[in-house]
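For reference, the structure is listed below as structure tokens.
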Amino acid sequence: MPEFPKILIPSADDSGKRLDQYLALQLPDTSRARVQQLIEEEKVRVNDEPAKASLRLKGGERIAVLGEVQLPPLRAIAEDIPLNVVYEDNDLAVINKPAGMMVHAGAGASEDERNRGTLVNALLHRFRALSDVGGELRPGIVHRLDKDTSGLILVAKNDEAHRRLAEQFSGRQVKKTYIALVHGWPKQDRGTINASISRDLVRRTRMTTRRASGREAITHYTVKQRIESRYGKFTLLELQIDTGRTHQIRVHLSSLGHPVAGDTLYGAPGEMKSRTGKVALERNFLHAAALRFEHPMSGEALSFSCELPEELQEFLRKIQS
Numbered sequence: 000m001p002e003f004p005k006i007l008i009p010s011a012d013d014s015g016k017r018l019d020q021y022l023a024l025q026l027p028d029t030s031r032a033r034v035q036q037l038i039e040e041e042k043v044r045v046n047d048e049p050a051k052a053s054l055r056l057k058g059g060e061r062i063a064v065l066g067e068v069q070l071p072p073l074r075a076i077a078e079d080i081p082l083n084v085v086y087e088d089n090d091l092a093v094i095n096k097p098a099g100m101m102v103h104a105g106a107g108a109s110e111d112e113r114n115r116g117t118l119v120n121a122l123l124h125r126f127r128a129l130s131d132v133g134g135e136l137r138p139g140i141v142h143r144l145d146k147d148t149s150g151l152i153l154v155a156k157n158d159e160a161h162r163r164l165a166e167q168f169s170g171r172q173v174k175k176t177y178i179a180l181v182h183g184w185p186k187q188d189r190g191t192i193n194a195s196i197s198r199d200l201v202r203r204t205r206m207t208t209r210r211a212s213g214r215e216a217i218t219h220y221t222v223k224q225r226i227e228s229r230y231g232k233f234t235l236l237e238l239q240i241d242t243g244r245t246h247q248i249r250v251h252l253s254s255l256g257h258p259v260a261g262d263t264l265y266g267a268p269g270e271m272k273s274r275t276g277k278v279a280l281e282r283n284f285l286h287a288a289a290l291r292f293e294h295p296m297s298g299e300a301l302s303f304s305c306e307l308p309e310e311l312q313e314f315l316r317k318i319q320s
């Protein structure tokens with residue numbers, strides 16, 4: 000648990016910064032919206048006095064952070080949303096998640112925004128009972144996929160299955176295969192990216208490999224096809240990951256100078272132009288294509304795969320035509 004109060008002394012270089020901006024940089028696990036809530040709840044003191052988020056610092060102030068934001072408890076609710084169920088039994092289910100669907104609700108928006116349209120909402124309507132290990136906001140969720148990543152995701156229906164599956168993930172026994180289309184041609188036909196990942200302190204919606212600290216992240220890639228098109232060079236990659244960090248494949252490929260097509264957050268262009276026209280992709284070209292693991296109760300080896308969704312196949316046809 001964090002220790003409070005947390006005391007911060009801004010330097011002369013911080014002169015002119017807003018208080019909320021400064022704190023968001025100094026508290027890497029706390030968003031600017033959360034910082035502003037802390038200030039509104041008077042859990043931040045500047046020189047022993049309450050302050051406003053817009054306060055401009057001069058440098059040398061004594062800033063005390065007295066606690067954390069108190070959020071109302073959230074409970075996911077069932078919602079009638081179609082699901083593509085690849086497999087299910089009494090203990091687990093494998094779902095082919097579409098791009099554009101969040102796996103579970105976030106904690107930084109209103110009640111309705113946090114608790115509508117997610118995979119969890121759909122799962123609760125379809126299966127009724129799911130494991131509680133992940134908490135009331137993430138029932139059944141053993142691992143995650145980014146909102147704009149499609150493909151296979153594993154769901155636990157009961158607590159024992161959840162715990163055993165989580166052990167397989169932590170022991171790196173679950174094998175996940177992804178397909179990605181990236182800009183440019185990697186120098187090697189196969190390789191391993193071993194670069195730690197942490198939150199980007201400037202653009203907080205991004206992750207980065209450029210900070211000294213971070214969590215270990217390992218991604219293996221193999222070139223499946225090199226494409227030279229009128230819209231530029233692309234490479235179709237098959238990837239396996241040993242770890243499951245936030246945005247791992249996307250930030251790793253971007254660090255090589257080969258961002259995932261459609262991934263404007265990590266440097267891909269919003270649209271690709273040629274002399275005769277242009278094409279755009281409204282999602283990331285990243286798909287969780289295969290999943291291998293042992294059944295948590297029987298120990299049986301299970302393997303599942305799913306094809307690229309039609310919008311990604313159509314994009315490939317356009318750039319190859």
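So the sequence shown is residues 0 to 320, counted in numbering that gives the first Met the number 0.
Just so you know, even glycine gets a beta-carbon here, dropped at the ideal spot from N, CA and C.
Note that the structure is predicted; figures quoted are calculated from it, not measured.
Would you mind reading off the limits of the alpha helix (DSSP H) that contains residue i?
i           : result
residue 95  : Element bounds for residue 95: not the alpha helix (DSSP H) but the beta strand (DSSP E), 91 to 96.
residue 120 : 118 to 126
residue 317 : 309 to 319
residue 159 : 158 to 169
residue 35  : 31 to 39
In chain order, what residues of the same chain have a beta carbon less than 6 Å from the beta carbon of residue i, not counting five sequence neighbours either side?
i           : result
residue 193 : 217
residue 167 : 173 and 292
residue 272 : none
residue 245 : 206
residue 219 : 191 and 239
residue 5   : 64
residue 85  : 93, 95 and 303
residue 235 : 180, 223 and 224
residue 176 : 239, 288 and 289
residue 117 : 101, 103 and 104
On the three-state DSSP scale, how would you describe residue i?
i           : result
residue 182 : strand
residue 252 : helix
residue 144 : coil
residue 234 : strand
residue 109 : Summary for residue 109: the model assigns pLDDT 45, below 50, so the residue's position carries little reliability; its value from the coordinates is reported in the next sentence. The answer is coil: DSSP assigns residue 109 none of H, G, I, E or B.
residue 242 : coil
residue 22  : helix
residue 172 : coil
residue 187 : coil
residue 207 : strand
residue 224 : strand
residue 0   : Unreliable placement is indicated for residue 0, whose pLDDT of 41 sits below 50; the coordinate value is still reported in the next sentence. Three-state DSSP puts residue 0 in coil, outside helix and strand.
residue 82  : coil
residue 136 : coil
residue 151 : strand
residue 7   : strand
residue 263 : helix
Which same chain residues end up closer than 7 Å to residue i when comparing Cβ atoms and leaving out the 5 residues on each side of it in sequence?
i           : result
residue 110 : With a pLDDT of 49 at residue 110, under the threshold of 50, the modelled position of this residue cannot be trusted; read the value that follows with caution. Same-chain partners within the cutoff: there are none.
residue 296 : 90 and 160
residue 307 : 178 and 286
residue 14  : 56, 57 and 58
residue 10  : 58
residue 345 : Examination of residue 345 is not possible in this model, given that the chain is present from 0 through 320 alone.
Determine whether the Cβ of residue i lies closer than 9 Å to any Cβ atom of chain C.
i           : result
residue 241 : The chain labelled as chain C is not found in the depicted structure, where only one protein chain is given.
Which residues mark the beginning and the end of the beta strand (DSSP E) in which residue i is found?
i           : result
residue 301 : 300 to 304
residue 292 : 285 to 293
residue 43  : 43 to 45
residue 272 : 270 to 273
residue 62  : 62 to 64
residue 279 : 276 to 279
Tell me which residues share the same chain as residue i and place their Cβ nearer than 8 Å to its Cβ, disregarding the 5 neighbours each side in the sequence.
i           : result
residue 158 : 130, 131 and 132
residue 108 : Any reading at residue 108 needs caution, since the residue's pLDDT is 43, under 50, leaving its predicted position unreliable; the model's value is listed next. Counting only Cβ-Cβ distances below 8 Å, and skipping sequence neighbours, we find nothing.
residue 319 : 226 and 228
residue 8   : 59, 60, 61 and 62
residue 19  : 31, 34, 35, 38, 52 and 53
Is it true that the stretch 221 to 232 meets the stretch 194 to 209, where meeting means three or more beta-carbon pairs spaced less than 8 Å apart?
-> no
Counting Cβ pairs closer than 8 Å, one from the stretch 253 to 270 and one from the stretch 122 to 142, do we hit at least three?
-> no
Counting pairs of Cβ atoms below 8 Å between the stretch 115 to 123 and the stretch 134 to 142, do you hit three or more?
-> yes
Meets three-Cβ-pair contact criterion under 8 Å: the stretch 177 to 186 and the stretch 208 to 216 = no
Using 8 Å as the Cβ pair cut-off and three pairs as the minimum, do the stretch 79 to 87 and the stretch 40 to 54 touch?
-> no
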